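Visitor:
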Amino acid sequence: MAKETQWLKIQLLSVASGISFLGSAMTTWAVVLRDKDVAGASGVSLLFLCMLLPSVLLSPWAGLLADKYSTRTLMPPLLIVMSLCSFSLAMGWPAWWSYIALLISASANTGVNAAFSALLPSLAAKEDVPRASGLNSIATALGSLLAPAIGGTLVGTTGFHWPFIIDGVSFIVLTIAILLLRVNRSGVSTHEEGSLQALAGLKFVFQDKLIRSIVIL
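Everything in the sequence shown is counted per this note's numbering, starting at 21 for the first residue and increasing by one.
(1) Taking Cβ to Cβ, would you say V101 is nearer than 8 Å to I124?
(2) Within the chosen definition, does the segment 157-173 reach the segment 34-50 through at least 3 CB pairs nearer than 8 Å?
(3) Taking A126 as the reference, give the member of N156, L77, V203 with the closest Cα.
(4) So what does DSSP say about S90, is it helix, strand or coil?
(5) I'd like the list of long-range same chain contacts for D55, defined as Cβ closer than 8 Å, with 5 residues on each side in sequence excluded.
(6) Which residues mark the beginning and the end of the alpha helix (DSSP H) in which A197 is found?
(7) Determine the closest residue to N129 out of A159, M95, T47, S153, with distance taken between C-alpha atoms.
(8) Under 8 Å Cβ to Cβ from W49, same chain only, skipping five residues before and after it: list those, please.
(9) Which term fits S206, buried or exposed, when burial requires 16 or more other beta carbons within 10 angstroms of its beta carbon?
(10) From the DSSP output, in three-state form, read off S206 for me.
(11) So, are the CB atoms of L26 and L104 less than 8 Å apart?
(12) Work out the CA separation of K23 and F136 for me, nearest whole Å.
(13) Please work out which residues of its chain come closer than 7 Å, Cβ to Cβ, to L17, disregarding the five sequence neighbours upstream and downstream, and give them in chain order.
(14) Taking the runs of the alpha helix (DSSP H) that are 4 residues or longer, which of them lie wholly in the segment 29-116?
Here it is, written out as structure tokens:
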């Protein structure tokens with residue numbers, strides 16, 4: 021943790037993160053509206069599954085990567101992958117590509133979220149960590165809240181192209197913010213025993229049918 025809270029950097033990162041969440045939520049609405057007639061109800065369910073499943077399955081390993089690698093090593097490449105996936109959705113490729121693009125983007129996003137969650141406390145003094153996290157939560161919540169209205173307006177006036185473009189650009193904005201602000205949480209070369217215990221606990225959860233069902237629900 022920092023000795024002194026770097027509020028300006030936290031505020032700018034929160035704004036960039038909020039823009040990123042705005043773009044991601046717009047993509048969710050746009051891809052569902054675009055593909056619902058072709059994919060049907062089961063296809064739409066599969067779209068949401070592609071967006072949600074990676075966070076369930078990959079979060080433990082994303083956390084380990086966020087611990088092992090520095091912010092500037094891990095986040096920019098993953099954000100560029102997410103940006104390319106969003107741009108590809110704007111290309112008008114066949115509907116089956118939407119599932120692949122969303123699955124890849126959601127997998128990369130799992131690592132981004134883990135790295136970003138680890139970064140914020142490194143910019144704030146111990147007593148200011150809750151405020152810093154709250155500020156970021158407000159920004160991301162606003163982005164998600166405004167997305168349906170903005171996305172719906174864009175789809176109605178310009179078609180499905182621009183929500184995907186804006187989403188791709190939003191990831192580039194967050195990448196640039198990380199690089200220009202020179203924020204970085206250094207990785208650690210070794211993991212404490214607690215990391216291995218966490219993985220063992222996860223293995224136990226998914227081996228027990230009842231507990232696994234509760235966690236998934």
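Here a beta-carbon is modelled for each residue, glycine too, at the ideal position from N, C-alpha and C.
Bear in mind that the values here come from a model prediction, so they are computed numbers and not experimental data.
Guide: In this structure, then:
(1) Yes, these two residues count as a Cβ contact at 8 Å.
(2) yes
(3) L77
(4) coil
(5) The residues are G63, V64, L67, A115, S118.
(6) 181-200
(7) Comparing Cα-Cα distances from N129 to each of A159, M95, T47, S153, the minimum goes to M95.
(8) A167, P168, G171, G172, V175, P183
(9) Counting Cβ neighbours within 10 Å, S206 comes out exposed, since fewer than 16 surround it.
(10) coil
(11) The residue you asked about is not Leu; residue 26 is Gln in the sequence shown. Cβ distance not < 8 Å, so Q26 and L104 don't count as in contact.
(12) Going from the Cα of F136 to the Cα of K23 covers about 19 Å.
(13) In the structure as shown, the chain starts at 21 and stops at 237, and residue 17 therefore has no counterpart that could be examined.
(14) Counting only runs that start and end inside the segment 29-116, the alpha helix (DSSP H) elements of at least 4 residues fall at 91-109.
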